[in-house]
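In case it helps, numbering that gives the first Met the number 0 puts the sequence shown at residues 0 to 124. We put the beta carbon where it would ideally sit given N, CA and C, even for glycine.
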Amino acid sequence: MNLNQVTLEVTDVPRAEAFYRRLGLELVVSADHYARLACPGGATLSVHRVETVSLGGPGIYFECPDLDARVSALKAAGVVFEHDPVDQTWLWREAWLRDPDGNRLCFYFAGENRLNPPWTVWPTG
0 MNLNQVTLEV TDVPRAEAFY RRLGLELVVS ADHYARLACP GGATLSVHRV ETVSLGGPGI
60 YFECPDLDAR VSALKAAGVV FEHDPVDQTW LWREAWLRDP DGNRLCFYFA GENRLNPPWT
120 VWPTG
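In structure tokens form, the structure reads like this:
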């Protein structure tokens, strides 16, 4: 099994399309009430129009091997981050931002610690 798609609520599909395309996703499907965008790694993110967004949902994580350079380039292009990349105690480096509707997004780099941190219970071999 593989996670294929996450769908976020938005109030303005064209605005969301533009925002996520600026982040580097590629538009796959576009309609007045819905859009789906592909991440470079193959997963997709979709947005679905609603009257009011229910905030407090999950954070969406985008893994970036070039995290610092990508955040710098996006900031130079006008994307606002809540903070620059920060090393976390769980051995990930993260930078958080919000989309125009307030959905929480994290750009991160974890390397080997993504699935195999020192405290893993996951079978490693």
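By alpha-carbon distance to G58, the top candidate from T88, L90, T6 is T6. Contact check for H32 against R20 fails: the beta carbons are separated by 8 Å or more. Remark: C-beta atoms of F108 and L96 do not approach each other more closely than 8 Å.
Taking C-alpha positions only, S71 is separated from Q87 by approximately 19 Å. Take V9, set aside five residues on each side of it, and the residues of its chain with a beta-carbon closer than 8 Å to its own are A15, V46, H47, R48, V49, V52, D98, P99, D100, N102, in chain order. Distance check between L22 and each of P84, A30, P39 places P39 closest, using alpha-carbon atoms only.
When secondary structure is reduced to three states using DSSP, L96 falls in the strand class. In the structure shown, the three-state DSSP call for L7 is strand. Spatial neighbours of P64 in its own chain (CB-CB distance under 7 Å, excluding positions within 5 residues in sequence) are listed in chain order as F108.
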